[in-house]
Amino acid sequence: MRPQRPGQPCVEVPHQHVPLHGGMLVTAPDALGHALVVPCATGTRHPRNGHHGRRDCAGDTPGRLEMSSTYFFQEAWPEELARLTSLEAALDPGTKALLEPLSRNAKTCLEAGAGAGSIAGWLGEHIPPPGRVLACDIQTKFLERMSNAQLEIRRHDIAADALPADSFDLVHVRWTLFWLAPASRAAAVAHLLSSLRPEGRLLVEEPDFAPLLHSPMPAPLDQVITEHARLISERSPVDVTYGRRVYADLTAAGLRDTRTAARTHVIEPGRTETGGAWLRLALNRIRPDMVRAGMVTEAAFDVALRQFDEPNGLVFPLTMAVWGQK
Ligand SMILES: C[S@@+](CC[C@H](N)C(=O)[O-])C[C@H]1O[C@@H](n2cnc3c(N)ncnc32)[C@H](O)[C@@H]1O
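Numbers in my numbering are just positions in the sequence shown, counted from 1, shifted up by 765.
The following block contains the structure:
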């Protein structure tokens, strides 16, 4: 928890209070060609990290970030890159189809909660020079592998800290807001909207796990999948049904001329582009916790994983896309 001075206003976020005060971080001109004045929750000045163009704006120790979310999956977990890459394989074609027209005249783009970076990398190649793409995430290890002259990587918590105001022609966030508690999510949406230039476009894509949770499944696979969703919901502020509420939240926050689209598909064994590895790895990550909590036995989990590899007709979570203008 950050130290809080008496009288400082707070926003309530899961498991901690983040003090809001007048502290500002002023940086040298960045990759987007302008100096940033970023309200910084600690009020201290942070030196720019001298590598990978990465910056931290959340703590006194470079590289340390206090998170407004208790994000369940950590980049240090050896399978995390494979899990994120599988998610990208399942989602990227649909996202690129939506971004293609939205990015047509964009010169500055923000990819928030950029994960393993496939969409940030695609935007970096897609936007003609001298366009700029800022990719931010609370975990930047995988983003730092990328090298693209148009791409800037920044460690940033979209719920806790504001983004440069009126800066981007296009902002995209995918499968990230659903990890945040409602107050943090509202703050993140406000930060994303305020970072858009007037007339700028926002595309938000968030999941609703209903199709997965209602898929045809044999026992004990049904129990493993249902309990894994329940466990991550107990251990973090995640809302696995958020996709069905994203339209209402964005219109209430002021997004206008909105459009929506939803997509899903069957997870087919052996077809990597259907995202089976994303779910299988997530189940494996949570396995020790589930067994320890007495939710399922090791033997039943083994059976469930064998069942998972059969063509069951498991349906990938629905991705609800909502886009519009500031
Ligand atoms: C499920 S992954 C999705 C990654 C990527 N958007 C994609 O769709 O491929 C969620 C990402 O959100 C990031 N994240 C979670 N909370 C965040 C926050 N408060 N601010 C910025 N990023 C956050 C995580 O580190 C992770 O990379």
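Note that CB positions come from ideal geometry on N, CA and C, so glycine has one too.
The DSSP assignment places complete alpha helix (DSSP H) segments of no fewer than 4 residues inside the stretch 880-909 at 883-891, in order along the chain.
L899 has its Cβ no nearer than 6 Å to any heavy atom of ligand 1. For V1005, the secondary structure class from DSSP, reduced to helix, strand or coil, is coil. Residue state for P985 is assigned as coil, using DSSP reduced to three classes. Sequence-distant Cβ neighbours of W1088 in its own chain, meaning closer than 6 Å and more than five residues away, are L968 and R1024. Within the DSSP bridge table, the entry for E971 names M1085 as partners. Under the 10 Å beta carbon count, E964 is surrounded by fewer than 16 other beta carbons and is classified as exposed. According to the DSSP assignment, A1013 belongs to no beta strand (DSSP E) but to the alpha helix (DSSP H) extending over V1011 to A1017. With a cutoff of 6 Å, L852 counts as near ligand 1, since its C-beta is closer than that to a heavy atom of the ligand. Annotation for V1031: no alpha helix (DSSP H) segment contains it, and DSSP assigns it neither H nor E. Here the alpha carbons of R950 and A925 stand approximately 10 Å from one another.
With contacts defined by Cβ atoms closer than 7 Å, A885 and T850 do not form a contacting pair. For E917, there is no enclosing alpha helix (DSSP H); the enclosing beta strand (DSSP E) has its first and last residue at L916 to R920. Around the beta carbon of P981, a 10 Å sphere encloses fewer than 16 other beta carbons of the protein chains shown; the residue is thus reported as exposed.
In the assembly as shown, D922 is a buried residue. Its beta-carbon has 16 or more other beta-carbons within 10 Å.
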